[in-house]
Amino acid sequence: MCVVGIINYLFIYCWSCKGTRGPPTSGAPPVSGAQNYSQFGQGENQNGPPPMGAPPQRPPVSQPYTPGAVNLPGPQHPYGQRFGAPPVSMQHMTNQMASMQVGSTAPSPAGPGYAPPSVSQAAVSAPYTPAAPPTFPPASTASSQPLPTEALAQAPPHSYYGALPPVQQPFQNAVPTFSSAGPTQPQAPPPVSPQSFPQAPPISQPPFSTAQVHPGPTQSYRGPLPSTQSSFPRPPHPTSQPSAFPAGPPPTSIPSQLPGVMQPQPPVSQPSPYHSGPPTTSTGFPPQVGAPPRPSFPGMQGPPMASQGPPMASQGPPMASQGPPMAQANHILPTQPGMPPGPINASLSGPPPQPGMQGYPPQQNGAFGQVRGPQPGYTGPYPGQPNYGAPPAAPASAPAAPKRLDPDSIPSPQASDMPPVQKTRHRIDPDAIPSPIQVIEDDKANKGSEPFTTGVRGQAPPLVTTKFQVKDQGNASPRYIRCTAYNMPCNSDMAKQSQVPLAAVIKPLAPLPPDETPPYLVDHGESGPIRCNRCKAYMCPYMQFIEGGRRFQCGFCNCVTEVPPNYFQHLDHTGKRVDCYDRPELSMGSYDFMTTVDYCKNNKFPQPPAFIFLIDVSYNAVKNGTVGIVCQELKTLLDYLPRENPDVESNIRVGFVTYNKVLHFYNVKASLAQPQMMVVSDVADMFVPLLDGFLVSVSESRVVIESLLDQIPEMFADTRETETVFGPVIQAGLEALKAADCAGKLFVFHSSLPIAEAPGKLKNREDKKLVGTDKEKTLFQPQVSFYNTLAKECVAQGCCVDLFLFPNQYVDVATLGVVPTSTGGSIYKYTYFQAPSDQERFLNDLRRDVQKQVGFDAVMRVRTSTGIRATDFFGAFYMSNTTDVELAGLDCDKTVTVEFRHDDKLSEETGALMQCAVLYTSCSGQRRLRIHNMAVNCCSQLADLYRNCETDTIINFFAKYAYRSVLSSPTKNVRDSLVNQCAQILACYRKNCASPSSAGQLILPECMKLLPVYLNCVLKSDVLQPGADVSLDDRAYLRQLVSTMDVAESHVFFYPHLLPLQKLDVESMALPMAVRDSEERLSRGGVYLLENGLNIFLWVGVSAQQELLQNIFGTPAFSQIDPNMTSLPALDNPFSKRLREIIESVRAQRSRYMKLMVVKQEDKLELIFKHFLVEDKSNSGGASYVDFLCHMHKEIRQLLS
Amino acid sequence: MSTYQEFIQQNEDRDGVRCSWNLWPSSRLEATRLVVPVSCLYTPLKERPDLPPVQYEPVLCSRANCKAVLNPLCQVDFRAKIWACNFCFQRNSFPPSYAGISEVNQPAELMPQFSTIEYIVQRGPPTPLIFLYVVDTCLEEEDLQALKESLQMSLSLLPPNALVGLITFGRMIQIHELSCEGIAKSYVFRGTKELTPKQIQEMLGLMKPATSGQQGKPLAPHDAAAASCIFLQPVQAVDMNLTDLLGELQRDPWPVPQGKRPLRSTGIALSIAIGLLEGTFPNTGARVMLFTGGPPTQGPGMVVGDELKTPIRSWHDIQKDNARHLKKATKYYEALANRAAVNGHSVDIYACALDQTGLLEMKCLSNLTGGHIVMGDSFNTSLFKQTFQRVFSKDYNGEFRMAFGGTLEVKTSRELKISGAIGPCVSLNTKGPCVSDNEMGVGGTCQWKICSLTPATTLAMYFEVVNQHNAPVPQGGRGAVQFVTQYQHSNTQRRIRVTTIARNWADAQSQIQHIESSFDQEASAVLMARLGVFRAESEEGPDVLRWLDRQLIRLFMFHLRRSPFLQVFNNSPDESSYYRHHFVRQDLTQSLIMIQPILYSYSFYGPPEPVLLDSSSILPDRILLMDTFFQLVIYHGETIAQWRKAGYQEMAEYENFKQLLQAPLDDAQEILQTRFPMPRYIDTEHGGSQARFLLSKVNPSQTHNNLYAWGQESGAPILTDDVSLQVFMDHLKKLAVSSAA
């Protein structure tokens, strides 16, 4: 109850804010709905009917409203006052909402503006209002608000939509809706806000003033959102528009840019289309451009079209009516159309806003749907989302975008000063804000079909979530390299101004799908690869041959180098060598070089590498079964050691060590009848007791090895030794490799904190009291320096360490992980390992880890054109100087993120070039060079930069950056600086690229419209904002894990993939469209699959259809589902088969095997599951998406003011 | 006793004692003038088949600082059942068990023929013998194979209940766990890191019993230490395991680069062996048997670096103080030896290599603990194989000719004090009333520890007459010495052997002739030689020679001066150590052979006859058999050699020649059979390269310098600058009469 009360207050507050804006109209009604939502969010049942909240909210709303309204006008300072003003909520506000409020400021403008903004585009707005009014009474108010709303713009999502003029219209409608949404959100937000806010408050205040509107929104994000939405639309548009626009609209072809831009434009051009467009966009942007989009989504478009501006509004209602249908076929058209209407209808407030949000609408719809009828609405939304096709919206917005709507919106909201209305608006409809799902689906639709050719410089690749084929035409495949920006600023001033990180995420040995050609192997003969004389860059397509081919000029440093006689070739009339296309190094982005002995350590060709298995046999390890499992598995696994030629035996030699307090080496020489164990108890000064017979070829020593693996579990079955060592274990492996003079990999299977007397001995330092303090960083730092030194030695020898942990308690991953993370190794952690349930996961990880392609003793160097320089590196490696990334081992899953900075100017003509060269020893012992070349454009206009960014990569970079920063700064500072940088990015965009608009609008670049939601996911991740149940080990583990993730992994890690299985079509190979990670979007009647790259959850709603349950679990009864199962029963029905296929294929995509957990709704396990619903407020205090968006907006406004 | 000769012989047979003087000068002054100190050679465990041990405890004098054992020299009052100690004159009553004592019913220890008597006593539970093999694996394949076979063979020779252990070493040291089935386990140590005994015991898991949980089933518990020790197991239990283990023993797998010696961690291996025994079986008889094929080349105790271009130290280097590792290594091994000695463990060294193996540095291990040193060229020689086999030889009772953990205590009557002992012993630093301040050999104590004994082990004991000239000993008084040796018999019994001897005092002024005639020239020679060797070990060579020259004892000294015991010329430091080692522990007969090798001559002219160890004895028609203790040389004279080459011995008509050839072989075989260690057996002929062994020993009465002898049928000239005996004697005479002497 209290919560509710608070919520109400909050709402009120928001309302007040909103009120100021005047969104109230919509707001009021929505509120109720919103509340319900929120309740759902908070409560357990998303599905749960919202009504409850609604009433209470309203009242408060009204009150705050007025005050809010007041506030609105007054910027930050006023804020406080405002608060005061809105007597009711004031306090709450300050406390909780405060930060949220930030948004509120926006809201005020936004609230009103939102709709307006989107609508803003004058025309749009006009229609809007009409539409809105019609739809919802509140809408009308909303309409008025819309204008202000625009300001709020947070709407970034909206923006997409908003961008679309038509959208806007809907927006207006939407706005109201929004407001309604707002309410819903409010509920959620309130709780969230309180926490998050607290932090924000200080900041918030000022922002507040500025973003008064926001406050509103923040509080009830939705509230603000609505407003934002409107504004959002604009931003996107702007962004997208700029770049995309030009070509965009018509060009549709340019997916990346266009989508965003395009949409906007199209919308612009065709307001009506927009409406329809949005949906369309989602599906097929191209169509977006013109009418096509609409056509594509007939249904969708239809409605929107018709209504377009006004129609929208009308649509809205229709939607509602459609609502039901929606539910049924969330699918595209219906939903969308329905959606908007639906929302409207349903809880007038909620749905309507969506419409406003073009792209969003769908989502919103979904949300609405939920609100109304959980699932139905749901599904609806999704389908709708696609429709949102934000794109369409975008287009719409685009048109709008150009103008940014702001003006309109701002004035309108403020002007309108429709307190009540505003209130309503304040609530931000989650469906109105940019939806990751929508973006993903759009990208799939737009870019998934055509192969991506890398020949064009500065072309952003499809998103990591899109399946596509790559054709290497001179630049590295995005599977190898992804950049944060494909159009770099020409000079450092621009870069500094924009704050957009310039980074590349490089996965040098990334595996390719079967339909793509692996890199060719180039052999330049005895003299080795041909390189630039000065900068030593390797021969690549950027080398310009001159003087008839006798010399070449380096693309990186411009130095001219003689072409060796044996490499000479004539040039054709275009100046290209005639053999250009015969030579991979002249025509491809990625290829391998054979090297000469000069490239080898000590000028000696390397020995084949070795794998050493080091198995903990202390009491814990024996008891939890790992010893037996490992030994059993190794017997077969050894046949699958990596090899280059599948027909030949692997050259890799193997060795075995077991240990507890002492180490046991095994002599498994082929000539022995029995293995011999050699105990080394001098752990203080580790050495390898034997040479011959320790590292052996599997095929030669098979019998002895099997005998050994059979006996190890027996030998230690009765052990009573509980203490273990760890440092000496790695030293042992290292010494063995040293003795054998080869590189290699250690597989360490370890169970407990190494407390035995030995180098690297650790003590238990787990102290949760430090969490949140300035000393928190020490928990991420190793507690002794021993392992750093050891890691250095390992790297020098090319000794990579993979660590498998099976802890029952604190093992200090932060310290134990130093060596693995410095040597290019991996850490696998199986807390509370129990053989029956965890065995499969562990074994699959082990198999993959042993079998995967890996290079040893690698050195990576990134060369760049003059003007930029690789300055910082993130990943699992060691650096002894500032340029060479040394990786003792580099496997196909490892990623290195490189940050670039200007040290001079770049030219737009030549663009920026980078060449990543990795020298490594292959698993057969060959010394090779892997070369990846990448060229990106350079721009002198910031707009170009913003148009060619990739948010997923930026997030990857931010996460790695932040996760490294926790080593040296308090996590709070890290979070703040992240938010700050993000705000600067967006503010810079707003300032320089978006046309003038109301400050209340949140305008996001099309390419970055998901930045806030993803950033929020990073901010509330366990590492940066741990819940009480997150152990230090888990945090250290995740911290290290993320440091080597590629973009696809980090994407799904931060924004888990949530599939509604009830929508699974067993006949089709396609997966149902994912839903957003929010509890509101779960239907009680559904079953969902959630995966984040580490875990798979199967969430079962309490009222899931019996047939569904029967198909999946073989039992129709919810209560009979065993929550402890780790795999689904193999049932002979198409659904079960298909589902298991899906799970398998999802697992196959990830580098780590994901254990399946079945989560029953309302079961206690659900708490864990909810942790992954990242759009919701988290238990640990992480803001909900809506709240955060408002907060962002506030920050931005603060920066702009 | 008719003559001193007989007396001496009788005493030796009965007590294993040979005194330098059999009448003792009655005052310190007179004793000093005699030059050769009052001293004796004592063989504590001299085999006495005729002496059955008695199964009761000895009766001790009740005086706290005396504790002498009741002996035939004590005066007994049978009525009062009281006896008077002949050392301190304390009157003691007999214990209750002697109630039935009477003049006709005397216990054995009172009977004169039992001046040496052996008691079997109960002292705690019997502890099994322990044999810990420490095996170098840096050997040539052939050598290693031979060694493995010898070791496997030895398992069958060990007492079945004996505990065995195996340590192998090369670059690393492995202690093998013997009780395990399936996987062979061993603990490995690095050869370069010195570990404290505590660390070693911790690392072997000896500190906390049964912590590791990886040992097999509980063992038959002898005691806690035994139970926890997985490295030492009864032979009978692990016979098969150990045989297999030895069979699978590989050469040290670490590659030896060109121009390097293999890395051999002998120092640490020994330290681990000693540490292991120290931690598990302190004060229990144990043999650490080191089999090494080369010098320690790394870690503490290294004797030479692994660079082949740096040769191992020679006497020349040592004299030039150019032996880098010598002092450090010696110090290291001495510390080890002392630890082993304290715990009653002995260390044998079986060093088989063509080059030196660092015996100079390691000798103390055996010298102080009573262990054997055997030096050979290869493990694949009969010298090693048979010598090793002989270590486990048994006596007439079928018991091993070895004893452990001996403690020798000496008690003297008041006129005498003990100055010291020379032999395979260490001082126990027991001060007592009979300890002289004047040390000779290992002195300052009346108790010595002899960790390992054989029936041949002989110590030289030196006494000091402390009676003042003006306090004459009563006429007819006798001085007495009692040797009490407690030891662990090879059948694990604890035994005590008590030998009590007495000699008459004589006034040197009035009875000088008697004293003269009681002089035992042989014993004195050996006793003086031991002193000389003892000094040679601790002092510079020339000084010792000079000292010896001043002491002179007839012609023995001539040979002694030339012997490898004092002369290092032509011998490596290892050889010198080896010779000296044996010299200070063998009994008198063997010692004499060592000093003055025996030369037999075989010819058609008569039965074999001993001839002078002189170059004049080397004649063409003779076969010579020389026994230097360490070498057994059969030398065929020029003519004989030619005949043999011509194959006359194959012809029936020259049967006699065949017999002549066979005779020395048979005699040599006889010697070979009994001697420990096996001598180097050399069969050579005139002009043969190995003839040098003979030529270097004989008195160079004819050399290339005195050519007048050439062409005579009188022998072979020796190419040497050494003086001949004749010259030596002439010089000696001159010195003897000069006042400066």
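Protein sequence lines, in the order shown, are assigned to chains W and V.
Those letters in the first sequence? Residues 1 to 1201, by this note's numbering.
Those letters in the second sequence? Residues 1 to 741, by this note's numbering.
Quick reminder that beta carbons are idealized off the backbone N, C-alpha and C, glycines included.
Note that the coordinates shown come from a computational prediction; the quantities given were computed from them, not determined experimentally.
Annotation for S393 (chain V): R401 place their beta carbon closer than 6 angstroms to its own, counting only its chain and skipping 5 residues before and after. Among the CB atoms of chain V, none fall inside 8 angstroms of the CB of L737 (chain W). DSSP places M153 (chain V) in the uninterrupted alpha helix (DSSP H) bounded by E141 to L157.
Counted as a single uninterrupted DSSP element, the stretch harbouring V1042 (chain W) is not any beta strand (DSSP E) but the alpha helix (DSSP H) occupying residues L1032 to V1042. Residue nearest to F856 (chain W) within the set W:G455, W:L1082, W:R930 and W:E766 is W:R930 (criterion: CA-CA distance). Neighbours of Y187 (chain V) in chain W, taken as residues whose beta carbon is under 7 angstroms from its own, are V679 and S681 in chain order. Per DSSP, the beta bridge partners of I868 (chain W) are W:H902. Under DSSP, V1146 (chain W) forms no beta bridge with any residue.
Nearest to T921 (chain W) by C-alpha distance, out of W:L913, W:N558, W:A1070 and W:A888, is W:A888. Contacts between F468 (chain W) and chain V, judged by CB atoms closer than 8 angstroms, are missing: the closest CB pair is about 54 angstroms apart. Beta-carbon to beta-carbon, C451 (chain V) and A340 (chain V) are separated by about 7 angstroms, close enough to satisfy the 8 angstroms threshold. Among the residues facing chain V, L978 (chain W) is not included, as its CB has no counterpart in that chain under 8 angstroms away.
The region 1144-1156 of chain W makes no contact with the region 1179-1190 of chain W: fewer than 3 CB pairs, one atom from each, lie closer than 8 angstroms. Proximity of P675 (chain W) to chain V, defined by a Cβ-Cβ separation below 8 angstroms, is satisfied. Nearest C-alpha to F804 (chain W) among W:V784, W:Y828, W:D812 and W:T821: W:Y828. For W547 (chain V), the three-state secondary structure derived from DSSP is helix. Residue W:F1135 holds the alpha-carbon nearest to the alpha-carbon of L1064 (chain W) among W:N475, W:F1135 and W:E793.
Against Q711 (chain W), the close residues of chain V are G182 and I183, in the order they occur along the chain (beta-carbon pairs closer than 7 angstroms). The straight-line gap separating the alpha-carbon atoms of D904 (chain W) and T866 (chain W) is approximately 7 angstroms.
T116 (chain V): member of the beta strand (DSSP E) spanning T116 to V121, first to last residue. L204 (chain V) belongs to the set of residues whose beta carbon lies under 8 angstroms from a beta carbon in chain W. Residue pairing from DSSP places P489 (chain W) in a beta bridge opposite W:C939. No Cβ-Cβ contact shorter than 8 angstroms links I422 (chain V) with L368 (chain V). If the five residues before and after V303 (chain V) are omitted, its C-beta is found closer than 6 angstroms to the C-beta atoms of P295, P296, H325, A329, G358 and E361, all from its own chain and listed in chain order.
According to the DSSP assignment, M362 (chain V) belongs to the alpha helix (DSSP H) that extends over L359 to T369.
Secondary-structure assignment with DSSP links D802 (chain W) through a beta bridge to W:F747. For E1166 (chain W), the enclosing alpha helix (DSSP H) stretches over residues E1166 to K1170. Taking a 10 Å sphere around the C-beta of I705 (chain W), we find 16 or more other C-beta atoms and assign the residue as buried. Proximity of R190 (chain V) to chain W, defined by a Cβ-Cβ separation below 8 angstroms, is satisfied.
Chain order gives the chain V residues near D692 (chain W) as P253, where near means a beta carbon separation below 7 angstroms. Taking the CA atoms as reference points, N651 (chain W) sits about 21 angstroms from F593 (chain W). D685 (chain W) belongs to the set of residues whose beta carbon lies under 8 angstroms from a beta carbon in chain V.
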